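2 protein chains.
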Amino acid sequence: MAPSARRLRIRGTNGWFPPTLPPPHENAVLTQEDLVALEGIGQARVLGTGDTMYEQDGAADMLFLVQSGIVRVSHLTADGNRHILAFHWQGDVCGLMEDGRYVNSAVALCETHVLGLPRVALQGLLLSQPLLQNEFLVKVAADLRKTQRLLIALSSFDAPHKMASFLLECTHHEDHYDAAAQVVTLFADRKDIADYLGLSGETVSRALGVLAEAGLIRRISTRRIGIEFSRLRHYVEA
Amino acid sequence: MAPSARRLRIRGTNGWFPPTLPPPHENAVLTQEDLVALEGIGQARVLGTGDTMYEQDGAADMLFLVQSGIVRVSHLTADGNRHILAFHWQGDVCGLMEDGRYVNSAVALCETHVLGLPRVALQGLLLSQPLLQNEFLVKVAADLRKTQRLLIALSSFDAPHKMASFLLECTHHEDHYDAAAQVVTLFADRKDIADYLGLSGETVSRALGVLAEAGLIRRISTRRIGIEFSRLRHYVEA
DNA sequence: CGGACGTTTGAATGGACTCAACGCACGTGG
DNA sequence: CCACGTGCGTTGAGTCCATTCAAACGTCCG
């Protein structure tokens, strides 16, 4: 299939692999043709809040493309500890597997639309459409970079800094950030945030207290946080 | 280009994307033809111990394929903290970039041979050879999984467990593990290990003390550690 | 023999954790 | 409409572990 002009333009701007990433939340853009091709081999699925998309150690035959909503990808360790590796949004791909089994679990945090892509069919499609495969390459590379960011935040910051960093990450998602009012609407509860940042729920709570005390945020409700964007940014940088 | 029988066999075993990963250290295997094609567009480079492959924030025009040796990929944060994100070995790809600049720094830990692959030429090659692009996709996915592993280890284990986990990781590399004698030869100094595991150098030292005290390892010299492989594995799992 | 660097060990500090109690919002049923 | 229960969030007290600062130790190389 010949590439569309639009696709080429987009690629020319963002760069190929390795990706020249726009702001971390943005992603490789699939063209309309790409999407049609993927829908041809995939099956749409709608998940409600708390529904499981796939389960760690479960037989893995599909990869998933998130079309709307939020997906929480977590891993359970042998000692019973849960770790959230990523939150996925529209355009993200998930379903990492090893030896035919999913490595992690994925759960929808709200009503979420995904496209299930059978592994074998996807292989064939990607091989026949190098441009599409390249989009996937860019997506995975972006995911890698996102994970690296988390890794760094996790091991270098104290609890308040981690929390500040998370709040700034939230501002990248328009659905959950009112830029005019500077208000973040949290999409995860305290325990989820804790497992994402490598903290306990109580510490997340206390970290919010510290930030509020410092005047960097104001608590509107448990799920709504007003932020002083630039001061918060400065706080994380320093 | 028609795929070789060998390539198809290998792929049939390991699976396409998302990769069915063999032991974590192994990687997508490039065929001889792949390598020839890459050498056609790339330039071989030899690095001595401590030589920089590329620098964080430096202009990024090349991706690198490690052909032998060890590469340490690290990131320096604004607050002066250094984090080691990965050690790369033969067959690994590195050079993640954003906006035309490298995101991390890469340094050789010993004599290291790499193939520098100009970004634009690589783009063209990958698009013209879907099978080769797929190998890269697998490599990046493997890298993502490796980073996830590190992330989990980092936030769930205490210092001795992190250290034990690192030692087990070392056993995957034949050049640095004498399986018969059960002796690991560390390829990084205490500070590097510390920055990889999110600890201080002193804590790494103490963690080794704890493991030795528990009879899980024996210190032969600062860089050579005898290990009780199965007991160590059991220690990490539990 | 001395110096430099990496490693180990010690003592004191601090930050996050656990355990526990309390507060708050929501929903249900009387 | 109020009483009650439940789930989540916050707050408090005490403990533990990694860190920092500091000094001693070792080893390799001049």
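The listed protein sequences correspond, in order, to chains A and B.
Heads up: the first sequence runs through residues 1 to 238, numbered per our numbering.
Heads up: the second sequence runs through residues 1 to 238, numbered per our numbering.
C-beta: ideal position from N, C-alpha, C; glycine also.
Keep in mind that this is a model prediction, so the values were computed, not measured.
{"Query": "For residue 63 of chain B, the first and last residue of its enclosing alpha helix (DSSP H)", "Result": "Premise fails: residue 63 of chain B lies in the beta strand (DSSP E), 62-68, not in any alpha helix (DSSP H)."}
{"Query": "Complete runs of the beta strand (DSSP E) confined to the segment 71-106 of chain B [at least 3 residues]", "Result": "71-76, 82-88"}
{"Query": "Helix, strand or coil at residue 33 of chain A according to DSSP, with G and I counted as helix", "Result": "helix"}
{"Query": "Test: residue 113 of chain B CB closer than 8 Å to a CB of chain A", "Result": "no"}
{"Query": "Interface residues of chain A facing residue 31 of chain B [CB-CB closer than 7 Å]", "Result": "In chain order: nothing, as chain A lies at least about 15 Å away."}
{"Query": "Residue 72 of chain B versus residue 85 of chain B: straight-line alpha-carbon distance, rounded", "Result": "8 Å"}
{"Query": "Residue 154 of chain A vs residue 154 of chain B beta-carbon contact at 8 Å", "Result": "yes"}
{"Query": "Interfacial residues, the segment 44-57 of chain A to chain B, with Cβ spacing under 9 Å", "Result": "none"}
{"Query": "Limits of the alpha helix (DSSP H) - the one that residue 241 of chain B falls within", "Result": "What is shown of chain B runs 1 to 238, which leaves residue 241 of chain B out entirely."}
{"Query": "Residue 234 of chain A versus residue 216 of chain A: straight-line alpha-carbon distance, rounded", "Result": "10 Å"}
{"Query": "Helix, strand or coil at residue 188 of chain A according to DSSP, with G and I counted as helix", "Result": "coil"}
{"Query": "Span separating the alpha-carbon of residue 242 of chain B from that of residue 198 of chain B", "Result": "With chain B running from 1 to 238 in the structure shown, residue 242 of chain B is simply not present."}
{"Query": "Cβ-based neighbour list, residue 127 of chain A, same chain, cut-off 8 Å, excluding 5 preceding and 5 following", "Result": "133"}
{"Query": "Minimum Cβ-Cβ distance from residue 229 of chain A to chain B less than 8 Å", "Result": "no"}
{"Query": "Cβ separation of residue 108 of chain A and residue 208 of chain A, assumed to be a contact under 8 Å, to the nearest whole Å", "Result": "That pair is no contact at about 25 Å."}
{"Query": "Whole-Å CB distance - residue 68 of chain B paired with residue 112 of chain B, under 8 Å assumed", "Result": "7 Å"}
{"Query": "Boundaries of the beta strand (DSSP E) in which residue 115 of chain A is found, first to last residue", "Result": "112-118"}
{"Query": "For residue 45 of chain A: DSSP bridge partner residues", "Result": "A:114"}
{"Query": "Cβ-Cβ distance between residue 165 of chain A and residue 236 of chain A below 8 Å", "Result": "yes"}
{"Query": "Partners in chain A for residue 152 of chain B, counting only beta-carbon separations shorter than 9 Å", "Result": "75, 77, 81, 83, 85"}
{"Query": "Residue 185 of chain A to residue 146 of chain B span [Cα, whole Å]", "Result": "32 Å"}
{"Query": "Partners in chain A for residue 130 of chain B, counting only beta-carbon separations shorter than 9 Å", "Result": "126, 127, 128, 129, 130, 133"}
{"Query": "Paired residues, beta bridge with residue 52 of chain B - DSSP", "Result": "B:107"}
{"Query": "From A:136, A:202, A:88, residue whose alpha carbon lies closest to that of residue 70 of chain A", "Result": "A:88"}
{"Query": "Inter-residue Cα distance where the pair is residue 149 of chain A and residue 142 of chain A", "Result": "11 Å"}
{"Query": "One or two residues paired with residue 178 of chain A in a DSSP bridge", "Result": "A:183"}
{"Query": "For residue 165 of chain B, the first and last residue of its enclosing alpha helix (DSSP H)", "Result": "159-170"}
{"Query": "Backbone secondary structure at residue 59 of chain A - three-state DSSP", "Result": "strand"}
{"Query": "Residue 124 of chain B and residue 62 of chain B closer than 8 Å at C-beta", "Result": "no"}
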